[in-house]
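Residue numbers for the sequence shown follow the numbering used here, beginning at 17 and rising by one.
Just so you know, even glycine gets a beta-carbon here, dropped at the ideal spot from N, CA and C.
A quick note: this is a predicted structure, and the numbers were derived from the prediction, not measured.
Everything below concerns the one structure shown next.
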Amino acid sequence: MTTFQRTPAWIIPKPNPALSPRAQRILSAPLMLTIINASIAVSMDIVEFVLFHLLPLLPESVLRVLIPRYDNMARRWYRGLLRKTVQDPELREALMPSYGILARRTILSSDFLQAVDAGEVQLVIEPIARITENGIDTADGAHHAVDLLVLATGYEIYTDPEHYKPGAVRGRNGFDLGTYYRDNDMRTYGGSALPGLPNRWMLVGPEGNQGQGWHAMVEANARHAARIIGASSRCHREVAEVSRRAFDRWVRKMAHQSKAIRLYATDCQPPLSTYFVNSKGETRYYRPQTVSEMNWFSKHSPISDYSLRPVSMETKVRYDQSA
């Protein structure tokens, strides 16, 4: 097998020990998995509290010193891992990332580096020049014969403006989500709502992924939407729309709490292709809140942040409302 590598990845060993019968019995005990999941959430809360509440209090000049030091420590650890795993010095250097460990998605694998070291995988780092009928030509003039080509060239996600096609989602007074995200910062209220789009919530939107896990994030956003829909129904209002004032307040809060991760992913990294930074240079992948904050928001966010009104008022409401 041949791997054409554009950018080295951080490949972290994946712990996968065999479980003894005793360990299996312990894990199957009542509430044990609940306790484990709660422990993970608490651990994430501690780390994220530092990221989203303590580090943003520091001046940018201090963060620009701390971030490279953190990455240098991670790089020293990874060089040690490569020395233990890969014998060829040139191959080790080709596998060494030049960017920070958190700037792209890390890969969990306990056998890729070993396979490369054993010669089971040929690593090609020269850029691809062209794909031919029976293989791939690289920029150094070499031809690599292949009979099956597997593409891993990236994709668009919910933080990319290109993901939102003009005309696909329309709101009040000519509001077009695709056009709006093309011309403005990609923000949402609570990771799911926007002024101008009444009765519409995203299960995951810009700054919507908290990081605990996909299912927990989707459940939290759905719980928030269900609360607003329920409140609207109880007061016999058919239309629910987040207010511009609440949206702007939320955006300011998220901008402050994302200060450290924004600096990390942009100013403190070399030019890099990563879905943590979109085509506009914005860091909108992660929701800069702790697990507890996300869950609290989904259950207790102010209903007053929304305008609840009967559908008969729709022709009277302007898009630039501030109520």
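Beta-carbon proximity check, residue i vs residue j, cutoff 9 Å
i: A155; j: I173; result: no
i: F68; j: T282; result: no
i: P72; j: Q285; result: no
i: K30; j: S125; result: yes
i: P222; j: R300; result: yes
i: V162; j: Q21; result: no
i: K315; j: L79; result: no
i: V132; j: V102; result: yes
i: G203; j: V267; result: Position check: residue 203 holds Arg in this sequence, whereas Gly was assumed. In this structure, V267 lies closer than 9 Å to R203 by Cβ.
i: F263; j: L219; result: no
i: P214; j: V185; result: no
Member of the options whose CA lies at the smallest distance from the CA of residue i
i: R108; options: Q40, E178, K181, Y94; result: Y94
i: A25; options: I123, S249, A209; result: I123
i: N294; options: P33, Y180, L49; result: Y180
i: Y171; options: Y291, R92, R146, P113; result: Y291
i: V166; options: T19, S323, S320, P318; result: T19
i: M17; options: Y115, G151, T195; result: G151
i: N88; options: E76, S36, M112; result: M112
i: R91; options: L70, A110, Y115; result: Y115
i: R303; options: G229, L324, S289; result: G229
i: A232; options: L288, M310, R250; result: M310
i: E149; options: L164, E142, G206, D192; result: L164
i: A57; options: L324, S308, S320, D321; result: S308
Per-residue burial, residue i [other beta carbons within 10 Å of its own, 16 or more giving buried]
i: G212; result: buried
i: E64; result: buried
i: G224; result: buried
i: N237; result: buried
i: L279; result: buried
i: Q40; result: exposed
i: H159; result: exposed
i: D336; result: Because the pLDDT of D336 is 46, which lies under 50, any placement of that residue in the model is unreliable, and the question is left without a value.
i: A339; result: Reliability of the predicted coordinates at A339 is poor, the pLDDT of 43 falling under 50, and no value is obtained from them.
i: W217; result: buried
i: T50; result: exposed
i: S328; result: exposed
i: S208; result: buried
i: P37; result: exposed
i: V66; result: exposed
i: H252; result: exposed
i: R260; result: buried
i: G246; result: exposed
DSSP beta-bridge partners of residue i
i: V132; result: Looking at the DSSP assignment, V132 forms no beta bridge with any residue, so it has no partner.
i: Y12; result: The structure shown does not extend to residue 12, since the chain is modelled only from 17 to 339, so the question has no answer here.
i: F20; result: V140
i: I27; result: I123
i: Y302; result: N225
Residue i at chain C interface by Cβ criterion, 9 Å
i: R188; result: Within the model displayed, chain C is absent; a lone protein chain is all it includes.
Legend entry - Those runs of the alpha helix (DSSP H) which lie wholly inside the segment 165-239 and span at least 4 residues: Listed in chain order, the complete alpha helix (DSSP H) runs (minimum 4 residues) inside the segment 165-239 are 193-199.
Inset, instruction - Only counting runs of 3 or more residues, tell me where the beta strand (DSSP E) segments fall wholly within the segment 108-163, in order along the chain. - result: With a minimum length of 3 residues, the continuous beta strand (DSSP E) runs that stay inside the segment 108-163 are 138-140, 144-147, 151-154, 159-161.
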